[in-house]
Amino acid sequence: MKTIVLGGGVIGVTTAYYLAQEGHEVAVLEARDSLGTDATGGNAGLIAPGHSFAWASPAAPRMLLASLRGEATAIRVKPRLDAKLVTWGLQFLRECTPARAEANTLIKLGLCRYSQGQLDELAAAESIDYNHVQKGLAYLYRTQQDLDAGVKKMDLLRRQGVPMDILDADQVAKLDPAFASAGKTFAGAIHVTSDASGNSELFTTELAERCRKLGVEFRLGVTAQRFVTAADRVTGVQTDAGLFTADNYVLALGIQSPFLAKTAGQRLPMYPAKGYSLTADIVDPDAAPTVGGVDEATLVAWSRFGDQLRMSSTAEFAGFNRDWKFSDFSNMLKTGREIFPRAVDWDRARMRSCMRPMTPDGPPIIGRGKQANLFYNTGHGHMGWTMACGSSRLLADVVAGRPAALDMAPFQVRSHRVAA
Ligand SMILES: Cc1cc2nc3c(=O)[nH]c(=O)nc-3n(C[C@H](O)[C@H](O)[C@H](O)COP(=O)(O)OP(=O)(O)OC[C@H]3O[C@@H](n4cnc5c(N)ncnc54)[C@H](O)[C@@H]3O)c2cc1C
Numbered sequence: 148m149k150t151i152v153l154g155g156g157v158i159g160v161t162t163a164y165y166l167a168q169e170g171h172e173v174a175v176l177e178a179r180d181s182l183g184t185d186a187t188g189g190n191a192g193l194i195a196p197g198h199s200f201a202w203a204s205p206a207a208p209r210m211l212l213a214s215l216r217g218e219a220t221a222i223r224v225k226p227r228l229d230a231k232l233v234t235w236g237l238q239f240l241r242e243c244t245p246a247r248a249e250a251n252t253l254i255k256l257g258l259c260r261y262s263q264g265q266l267d268e269l270a271a272a273e274s275i276d277y278n279h280v281q282k283g284l285a286y287l288y289r290t291q292q293d294l295d296a297g298v299k300k301m302d303l304l305r306r307q308g309v310p311m312d313i314l315d316a317d318q319v320a321k322l323d324p325a326f327a328s329a330g331k332t333f334a335g336a337i338h339v340t341s342d343a344s345g346n347s348e349l350f351t352t353e354l355a356e357r358c359r360k361l362g363v364e365f366r367l368g369v370t371a372q373r374f375v376t377a378a379d380r381v382t383g384v385q386t387d388a389g390l391f392t393a394d395n396y397v398l399a400l401g402i403q404s405p406f407l408a409k410t411a412g413q414r415l416p417m418y419p420a421k422g423y424s425l426t427a428d429i430v431d432p433d434a435a436p437t438v439g440g441v442d443e444a445t446l447v448a449w450s451r452f453g454d455q456l457r458m459s460s461t462a463e464f465a466g467f468n469r470d471w472k473f474s475d476f477s478n479m480l481k482t483g484r485e486i487f488p489r490a491v492d493w494d495r496a497r498m499r500s501c502m503r504p505m506t507p508d509g510p511p512i513i514g515r516g517k518q519a520n521l522f523y524n525t526g527h528g529h530m531g532w533t534m535a536c537g538s539s540r541l542l543a544d545v546v547a548g549r550p551a552a553l554d555m556a557p558f559q560v561r562s563h564r565v566a567a
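First residue of the sequence shown? That's 148 in the numbering used here, and the numbers climb one at a time after it.
In structure tokens:
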């Protein structure tokens, strides 16, 4: 069985791996000259079932209104005439009821936990070193009031068996000596002890090497332009390097997926949430954290990638423009200098933007679409690194026609969620 996987991010490469293991002859088409450099190369590195909360929540509409009034908020919307944003936004708002938010969170949590297990298994089986740190993640709060609210919110995950400790300021400083330099900034933290961190770009390139040994062909610098279809099948994918044909096709283009899906008659409910990402060489290893985490006040997240510190922040709904300016990083730089002042040379941090491929409800899109031989593995939003191995393992089950480990209904290929 010949299969073409479109997209060489963490989702495309993990898909290629699981399919190749089952005997598929796999080719991966990737527009860039290297693998895992788009969203996969810019994320915060958190492997975080403890961060599974759906963004569409009862608190979100207030935040969006505040953003439209020009206030500084975690989720930002730039008002613009954009039919895609309006359609996506209306679907998002419909998901903001307490019941929908809880349902979506639990679906995401189930996938994240399954996926973390698959990641651990795969990395052990293939001996992949990807700067993995298994020390839990710290969700840090600056006031007791915020910590109490965080604990209340986390109760949903705790009741599902997610292990966590509530730490006061002294315990935070003991968890990782680097947190001590933050002084009295934090009142405490929720330490989700089963969460982890790791470098998804490194993981992707290492896994690609294992894939090559399984016979996977990587075609770099090839941009997919449209599907060619006949009756209920895809018969080829037209690219800037000619027509590629196979028995099966998997769409894993991250935020570009809706454009290709449209050529197969499928509207996908995805919109980019632009984020900003900073990477800096560590100059004082003792002053840099090994425990990854999130400053819940500024929503800056970080992970240690060996001798580098990665930070990311911000979710901006402002179209597909990837431009960034220095001021987009001021929140991150201020937070970094405040909590890890000596860890890196903040003036020499490398900066970039990248885009989370968000669905309005939160769960990604995994499964077979209108054409019998076109499969989707996309829309992983802010959790795609955590969800990658699980999603791709599930997709391999769908392709093989065997029962998957999770209920696949929440991940069905859709243009909108049909109300339950
Ligand atoms: C700021 C930020 C922080 C994040 N933090 C975390 C985190 O801490 N933990 C977590 O779990 N997740 C996090 N994420 C989410 C995670 O990074 C993404 O969900 C995940 O990387 C998506 O992977 P992907 O393979 O679908 O997309 P991508 O990595 O974007 O890969 C898609 C690939 O398709 C290629 N492509 C696009 N169009 C074409 C075309 N026409 N033809 C051929 N190739 C094409 C691209 O070049 C790209 O390589 C974060 C994301 C952002 C933006």
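Each residue gets a CB set at the ideal place from its N, CA and C atoms; glycine is no exception.
Checking the DSSP bridge columns, you'll see alanine 420 partnered with Arg503. With a cutoff of 9 Å on beta-carbon distance, asparagine 190 and arginine 451 are scored as not near each other.
Less than 9 Å divides the Cβ of threonine 445 from the Cβ of asparagine 478.
For glutamine 291, the enclosing alpha helix (DSSP H) covers residues 291-305. Distance from the CA of alanine 163 to the CA of threonine 244, rounded to the nearest whole angstrom, comes to 37 Å. Put simply, the region 244-260 does not touch the region 427-434. Fewer than three CB pairs are less than 8 Å apart.
By the criterion of at least three beta-carbon pairs nearer than 8 Å, the region 534-542 is in contact with the region 153-160. Lysine 481 and glycine 335 have their C-alpha atoms some 20 Å from each other.
Judged by their CB atoms, alanine 543 and glutamate 273 are not nearer to each other than the 9 Å cut-off.
At least one heavy atom of ligand 1 sits closer than 8 Å to the Cβ of leucine 182. For serine 344, the closest C-alpha among the options Thr386, Gly192, Met530 and Leu258 is that of Gly192. Closer than 8 Å to some heavy atom of ligand 1: that describes the Cβ of methionine 530. Under the 10 Å beta carbon count, asparagine 468 is surrounded by fewer than 16 other beta carbons and is classified as exposed. The region 344-364 makes contact with the region 273-284; the number of CB pairs closer than 8 Å reaches 3 or more.
Under the three-state reduction of DSSP output, tyrosine 164 falls in the helix class.
Between aspartate 180 and leucine 398, the alpha-carbon positions lie close to 19 Å from each other.
In this structure, alanine 213 sits away from phenylalanine 239, with a CB-CB distance that is not shorter than 9 Å.
Excluding residues up to 5 positions away in sequence, Ala248, Asn251, Thr252 and Gly509 lie with their Cβ nearer than 6 Å to the Cβ of alanine 201 in the same chain.
Tyrosine 288 carries a strand assignment under DSSP once its states are collapsed to helix, strand and coil. Inclusion of valine 560 and glycine 516 in the CB contact set at 9 Å is warranted, their separation being smaller than that value.
Judged by DSSP in its simplified three-state form, tryptophan 449 adopts strand.
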